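Structure follows, in structure tokens:
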């Protein structure tokens, strides 16, 4: 497996970026992490920290080298801001692939205020555009692998299963219905999700005009925290978000149970979401790197999700396992209270992914971590205080919300 | 007509913005122009100037007040950069509508270099997003009227006429073909055009989440220069672009004829484009302001174009009128060499637009202006030196290109 191909991981210090970097390093790639540590700085801004005591990046990297014998380089760089340094780095490293995690990735954070909306748009769009522009300038045949979200599809398409990026439709051309395949019409539910739909157009354009090879991974909600590599030493532990902005639903429930907080269901809990375990995230990214689209092929889009669940079913499951109370809060999001979701993910299955699905064993592993570090949780930060519109009430007690009647 | 409603015109010093501001002022609106004079600074960067000797903005505005008795306010402000000032201005003016011309609007300029690509993306997306964000914060019911482009549709849809923004398709839902209407799948041909497709997603999202009323005008290539109002005094004259980046095709041919330069047809000239006269531009914008979408209605999209022509037919027409030579150059764009284009524009016709179409009289008017100011043209700046890809040769002589065989 010692192929010595080089890979740049943008955002390689983050929740998905760090375990991906370790996985790629252990597979024998020469990995260069680029990060401006924005996620750690946002922790400081929000006044909270990862549930797990993550080490500073340099310490993590030294430990990884000691344990694995493999060196990962690190460049402190804001890719949305310092284009020249990014271009220079690409010219110098000449990577086979660039994995792009370097975006602000929380929907609630993107809705907090005009400053947060504007930061998310500015950072994500200029960052993605700078990468594409720099790849063109390099003249190199570099495969860009981008972490996107299932959220670009929207969740309102009753009865229609979600294809992998492209939708076959019939249009009337000169009075005859002809079949054409179009990019799935985007339907973003937050400023954050909107930036991912803008990214998709940047990819579409650069792929068409400049023949850049691009893979866009439409990922579901990630759960779990550790991977094979992050478990090799406590200093390699992965981050674990639990607070109102960055904590995603299943992990958040498990932490809430561990600290004796009610499980926070926003709205009816009838929202169906797609999920993936962090260990499958790193496997999928490795598979995507190994199977780039052909030269001049259109943008390759995978749905990176392995199962779907309704939020209230997950709350019920965690409540049964832990005895926690389930409480319903006013939904700060502007979304349908109930939705179906059927997601195609055949492409990764065909490449050999054997999905990790929800099991009590894996949930217990997360509960164990949550209990071990429960004293790092500030209960005042658990409830989301972002709202999608100023006219949505903030419900910190979970008393104003009544569970809406549920059809099935 | 003295309604004293206030309108902010963003980019009100530009080619479309200036005559629009005068028209709205003469219709009795209180107009506030916001501009950072970027277009004049780009003239400095490119080492050329408007064919017509336009006056500094403050002089134009004093002359307008003297002649019309109406005052237009002016705020020097970069809306992509100074969000706080924009928000404050909106709170202070409380406009009925905001007309948004404040974008970098030349496709060739957007392709010159990484710096130009990045400026176009950063300026256009952050500018548009700041406006939307500031409208939400104001809590006011403000109608946003945006100048877009026919170019978002792409020109490759053989046999399919271009609807006004939305496309009816059939999709298979549970084995049954159902009709749905989707935003027309965007197909941008340059970085500039791409930014307009990104704008469309910003509009889609803010309209859906925040109920902002938005009209997006998909405009064709503008020709002509003066309007009723700009003709009222030489100091009110409108700008006229002729050089390789900003000069659009028909106006450019007329200047080339006036200065004895061959008419510059890029590629086969088989490209079909949609056109509109500048006097219809200002009428359409006035109509759009008077007919806002209803509250909670989706983004209203008009095709702001009145006729279509093939580029080589226009070259032939100008050559016949002036005796100029037609010369074929390597096309710097990455596009189909021939395309059909059928454009729906029923919405403006229904609102009473009586289109100005290509006529010898109007062409003569432009030829007359071009001849009067011919000494302001630097012939070295006529040929576009932007290229869509580094592997497209730069053809300054028009000798390398051979006219491609034409089917019809």
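Residue numbers (this note's numbering), protein chains in the order written: chain G, 982 to 1389; chain R, 982 to 1389. Just so you know, even glycine gets a beta-carbon here, dropped at the ideal spot from N, CA and C. Since we're looking at a predicted model, the values are computed, not measured.
When you compare the CB positions of residue i and residue j, do they come within less than 8 Å of one another, or not?
| i | j | result |
| --- | --- | --- |
| residue 1168/R | residue 1134/R | yes |
| residue 1289/R | residue 1329/R | no |
| residue 1218/G | residue 1035/G | yes |
| residue 1205/R | residue 1260/R | yes |
| residue 1263/G | residue 1338/G | no |
| residue 1242/R | residue 1194/R | no |
| residue 1176/R | residue 1118/R | no |
| residue 1072/R | residue 1200/R | no |
| residue 1148/R | residue 1165/R | yes |
| residue 1247/G | residue 1314/G | yes |
| residue 1299/R | residue 1239/R | no |
| residue 1170/R | residue 1146/R | no |
| residue 1080/R | residue 1197/R | no |
| residue 1102/G | residue 1172/G | yes |
| residue 1011/G | residue 992/G | no |
| residue 1225/R | residue 1350/R | no |
| residue 1179/G | residue 1234/G | no |
| residue 1029/R | residue 1362/R | yes |
| residue 1020/G | residue 1076/G | no |
| residue 1032/G | residue 1223/G | yes |
| residue 1141/G | residue 1369/G | no |
Please list the partners that residue i has in chain G, where partner means a Cβ-to-Cβ separation under 7 Å.
| i | result |
| --- | --- |
| residue 1118/R | 1095 |
| residue 1282/R | Those do not exist, as residue 1282/R stays about 15 Å from chain G at its closest Cβ, beyond 7 Å. |
Are any of the Cβ atoms in chain R nearer than 8 Å to that of residue i?
| i | result |
| --- | --- |
| residue 1131/G | no |
| residue 1247/G | no |
| residue 1186/G | yes |
| residue 1374/G | no |
| residue 1213/G | no |
Compare the C-beta of residue i against all C-beta atoms of chain G and say whether one is closer than 8 Å.
| i | result |
| --- | --- |
| residue 1090/R | no |
| residue 1178/R | yes |
| residue 1182/R | yes |
| residue 1163/R | yes |
| residue 1389/R | Reliability fails at residue 1389/R, whose pLDDT of 38 lies under 50, so the model's placement of it is uncertain and no value is given. |
Listing by chain order, which chain G residues have their CB less than 9 Å from the CB of residue i?
| i | result |
| --- | --- |
| residue 1099/R | 1064, 1107, 1110, 1111 and 1114 |
| residue 1103/R | 1103, 1106, 1107 and 1110 |
Can you name the residues of chain R whose CB is closer than 9 Å to the CB of residue i?
| i | result |
| --- | --- |
| residue 1151/G | 1150, 1151, 1152, 1153 and 1158 |
Listing by chain order, which chain R residues have their CB less than 8 Å from the CB of residue i?
| i | result |
| --- | --- |
| residue 1370/G | 1190 and 1191 |
Is it the case that the CB of residue i approaches a heavy atom of the ligand PLP more closely than 7 Å?
| i | result |
| --- | --- |
| residue 1309/G | Within the structure as shown, the ligand PLP is missing, as the structure has no ligands at all. |
For residue i, go through chain R and note every residue whose CB falls closer than 7 Å to its CB, in chain order.
| i | result |
| --- | --- |
| residue 1167/G | 1182 |
| residue 1315/G | 1190 |
My parser needs the alpha helix (DSSP H) runs of 4 or more residues fully inside the region 1320-1381 of chain G; what are they?
1327-1331 and 1341-1353
Would you list, in sequence order, the uninterrupted beta strand (DSSP E) runs of no fewer than 3 residues that lie entirely inside the region 1060-1127 of chain R?
1078-1081
Alpha helix (DSSP H) runs wholly inside the region 1007-1048 of chain G, at least 4 long, in chain order:
1019-1027
Entirely enclosed alpha helix (DSSP H) segments - the region 1250-1323 of chain G, minimum 4 residues
1259-1271 and 1292-1303
Counting only runs of 3+ residues fully inside the region 1207-1236 of chain G, write out the beta strand (DSSP E) ranges in chain order.
none
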